[in-house]
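Participant: Sharing a structure, written as structure tokens. Questions coming.
Protein chains in written order, with our numbering: chain Z, 207 to 486; chain H, 6 to 326.
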């Protein structure tokens with residue numbers, strides 16, 4: 207060890223924007239390294255939808271009734287795919303909460319970087335997890351009989367909608383992780399989100415198959431709109447599966463509005479929660 | 006140092022949380038290139054003070070400048086000039102030591118190659134080269150702290166905040182860390198370190214501020230503070246309770262005050278005067294003359310408890326065995 211002061215100085219090159227981008231990518235890289243070292247999260251987020259796909263889409267397919275002439279394997283695919291987004295809420299929230307608890311975030315915060323970079327960095331790597339998981343789910347879906355019928359572009363558009371949904375859900379997870387300290391509570395909340403939002407939608411059955419008083423809830427559940435949008439892009443949507451209300455006629459519009467609103471609320475809330483959590 | 010020779014200046018720092026007041030107006034002034042030891046028990050406000058100075062927490066009252074910049078108004082400028090090592094080593098367990106340093110170096114905008122170079126250099130300097138490519142989860146406590154400290158000095162900070170840097174470390178790791186800190190000071194870094202150990206402050210600090218219940222209750226050089234606290238204690242434990250009386254007699258007249266007796270522990274203790282060694286010899290002779298069988302005979306340095314007892318007249322914990 208020597209006491210000589212080193213001569214390397216931080217090279218603050220480039221504009222503010224490329225700087226933030228570099229920070230964000232470096233932080234996303236950290237999470238990707240985590241995934242490589244401890245792939246449990248990737249496996250969890252992928253296994254959950256796969257189990258549902260096999261359990262409901264394959265084992266129960268003969269007992270499931272959907273209106274019209276759509277195969278149940280086709281029908282259920284979008285409903286399974288949104289689970290990738292819902293399943294990711296809990297793990298993302300826990301990751302954020304643990305970082306906050308651990309003091310690592312203090313270190314990041316004592317650096318001249320934006321707190322937004324810290325959070326966006328995490329969403330980028332978690333979006334990668336979501337994409338891998340969606341790919342796995344689609345491949346297994348194809349294997350059990352799912353087929354998109356509307357051509358490559360509309361199929362890709364469906365996946366784009368799903369990725370957008372996954373991304374918004376990640377921010378919901380971050381909001382949960384920055385505002386709730388207790389990891390067990392976060393875990394429970396994540397599980398609740400998954401069950402409530404997927405079962406109170408048209409993921410497994412058409413809205414008409416639910417008890418009457420629940421139908422409006424399921425119709426207006428944003429998850430229903432996301433599913434219906436995907437089904438229509440893939441040619442997997444039997445008439446009436448989304449109910450009869452406004453969202454069933456304009457699922458794309460409802461999806462765009464609700465996801466945008468949710469994203470704005472979650473991002474603002476997360477940044478605020480993050481600042482507060484660190485400022486304690 | 007840019008404009009002044011004071012690297013850390015705090016004036017009347019206060020922090021009030023919803024239910025309680027953590028700081029009641031802390032004043033500190035640390036000349037550049039020196040070490041201030043902030044001494045105090047748990048909950049005294051040490052960490053809150055550090056977090057305010059490191060721009061993580063906003064003060065409710067008062068103001069502070071670090072490295073010439075206001076911690077509230079110019080927090081970004083402050084952050085470019087400081088390093089902070091919190092109470093727990095803030096390192097990523099799943100990353101290797103090298104990856105930890107590279108990540109933070111990139112966040113300090115060293116660029117890819119600059120970051121890699123800096124990592125190699127710091128791993129060497131903090132004696133972590135061998136473990137550099139192992140995940141930090143496999144590191145010992147001392148190695149973690151060293152890595153933590155390495156990540157703090159990546160950007161050559163002017164001011165370093167070390168919040169209880171050696172809490173929970175074994176004596177060897179502690180000594181290694183002290184050496185590193187001395188090295189940094191020799192390189193011109195200003196350091197504010199908090200500690201619960203008088204010995205640590207004594208070893209490292211040029212000046213010591215004692216904090217209790219959110220206030221600075223004493224400030225000075227380790228020497229002056231110790232003088233204030235007093236000299237070492239001679240503590241003897243007798244083998245049989247019936248010898249306590251003889252022991253007290255043997256120790257009477259040493260130091261300034263009467264010996265304190267703890268009958269349950271069969272222990273007599275007395276604070277020695279300025280010519281301590283002489284008094285120890287006298288005590289030993291007197292005990293031998295009286296034929297008092299001893300279980301223990303030891304010199305004890307003033308502890309933090311003694312500091313508080315002396316400074317506040319309260320807070321000395323009942324000694325229990």
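Backbone N, C-alpha and C fix where the C-beta goes; we use that ideal spot for every residue, glycine too.
These figures come from a predicted structure and were not determined experimentally.
Mind listing, in chain order, the continuous beta strand (DSSP E) runs of no fewer than 3 residues lying wholly within the segment 224-251 of chain H?
Facilitator: 238-243
Participant: Output, in sequence order along the chain, the residues in the segment 307-331 of chain Z whose CB is closer than 9 Å to any CB in chain H.
Facilitator: Listed in sequence order: 308, 309, 310, 311, 312, 313, 314, 315, 316, 317, 318, 319 and 323.
Participant: Quick check: what's the CA-CA separation for residue 294 of chain H versus residue 271 of chain H?
Facilitator: 19 Å
Participant: With DSSP collapsed to three states, give me the class of residue 7 of chain H.
Facilitator: Caution is warranted here: a pLDDT of 45 is assigned to residue 7 of chain H, below 50, making its placement in the model unreliable, and the coordinate value is therefore given only provisionally. Three-state result, residue 7 of chain H: coil.
Participant: When you measure from the CB of residue 83 of chain H to every non-hydrogen atom of the ligand GDP, does any distance come out below 7 Å?
Facilitator: The ligand content of the structure shown is nil, which means the ligand GDP is not present either.
Participant: Do the segment 290-298 of chain Z and the segment 248-265 of chain Z meet, that is, are 3 or more Cβ pairs less than 8 Å apart?
Facilitator: yes
Participant: Give the C-beta separation of residue 347 of chain Z and residue 237 of chain Z to the nearest angstrom, bearing in mind that I take them to be a contact with Cβ-Cβ under 8 Å.
Facilitator: With a Cβ gap of about 27 Å, residue 347 of chain Z and residue 237 of chain Z do not count as contacting.
Participant: Only counting the same chain, and skipping five residues up and downstream in sequence, which positions put a Cβ closer than 7 Å to that of residue 417 of chain Z?
Facilitator: The answer is none, since no qualifying residue turns up.
Participant: Let's test the definition: count the other Cβ atoms within 10 Å of the Cβ of residue 419 of chain Z and tell me whether it reaches 16, buried, or not, exposed.
Facilitator: exposed
Participant: Who are the neighbours of residue 484 of chain Z on chain H, taking C-beta pairs under 7 Å?
Facilitator: 61
Participant: Could you say if the segment 311-328 of chain Z and the segment 441-457 of chain Z meet the contact criterion of at least three C-beta pairs nearer than 8 Å?
Facilitator: Inter-segment contact for the segment 311-328 of chain Z and the segment 441-457 of chain Z is absent: fewer than three beta-carbon pairs are separated by less than 8 Å.
Participant: When the distance is taken between beta carbons, is residue 55 of chain H closer than 8 Å to residue 131 of chain H?
Facilitator: no
Participant: Quick check on this structure: which residue in Z:437, Z:472, Z:470 and Z:474 has the alpha carbon closest to the alpha carbon of residue 458 of chain Z?
Facilitator: Z:437
Participant: Who are the neighbours of residue 111 of chain H on chain Z, taking C-beta pairs under 8 Å?
Facilitator: What residue 111 of chain H touches in chain Z: 228, 229 and 232.
Participant: Assuming contact is defined by CB atoms lying nearer than 8 Å, are residue 427 of chain Z and residue 452 of chain Z in contact in what I supplied?
Facilitator: no
Participant: List, in order along the chain, the chain Z residues whose C-beta lies closer than 8 Å to that of residue 93 of chain H?
Facilitator: 308 and 309
Participant: Determine contact between the segment 143-155 of chain H and the segment 30-47 of chain H, defined as no fewer than three beta-carbon pairs at a distance below 8 Å.
Facilitator: no
Participant: Whole angstroms is fine: what's the gap from residue 293 of chain Z's alpha carbon to residue 51 of chain H's?
Facilitator: 41 Å
Participant: Can you list the alpha helix (DSSP H) stretches of 4 or more residues lying completely in the segment 393-440 of chain Z, in chain order?
Facilitator: 421-426 and 428-440
Participant: I need the straight-line Cα distance from residue 68 of chain H to residue 40 of chain H, nearest angstrom please.
Facilitator: 21 Å
Participant: Taking only three categories from DSSP, how would you classify residue 454 of chain Z?
Facilitator: DSSP places residue 454 of chain Z in helix when its eight states are reduced to three.
Participant: Need the endpoints of the alpha helix (DSSP H) that residue 344 of chain Z sits in, please.
Facilitator: 321-350
Participant: Does DSSP put residue 480 of chain Z in a helix, a strand or coil?
Facilitator: helix
Participant: So the candidates are Z:259, Z:472 and Z:240; which of them puts its Cα closest to the Cα of residue 349 of chain Z?
Facilitator: Among Z:259, Z:472 and Z:240, the Cα nearest to that of residue 349 of chain Z belongs to Z:259.
Participant: Please report the distance separating the alpha-carbon of residue 77 of chain H from that of residue 316 of chain Z.
Facilitator: In this structure, the alpha-carbon of residue 77 of chain H lies about 13 Å from that of residue 316 of chain Z.
Participant: Here's a check: name, in chain order, each residue in its chain whose Cβ is nearer than 6 Å to the Cβ of residue 360 of chain Z, leaving out the five neighbours to either side.
Facilitator: Within the same chain, Cβ atoms closer than 6 Å to the Cβ of residue 360 of chain Z are found at 439, the five residues on either side in sequence being excluded.
Participant: Examine chain H for any beta-carbon lying closer than 8 Å to the beta-carbon of residue 247 of chain Z, and answer yes or no.
Facilitator: no
Participant: Tell me the residue span of the beta strand (DSSP E) that contains residue 176 of chain H.
Facilitator: No beta strand (DSSP E) holds residue 176 of chain H; the alpha helix (DSSP H) holding it covers 176-191.
Participant: Specify the secondary structure class of residue 465 of chain Z as computed by DSSP and reduced to three states.
Facilitator: helix
Participant: Return the CA-CA distance between residue 134 of chain H and residue 256 of chain Z, expressed in angstroms with no decimal places.
Facilitator: When the Cα atoms are used, residue 134 of chain H and residue 256 of chain Z turn out to be separated by approximately 44 Å.
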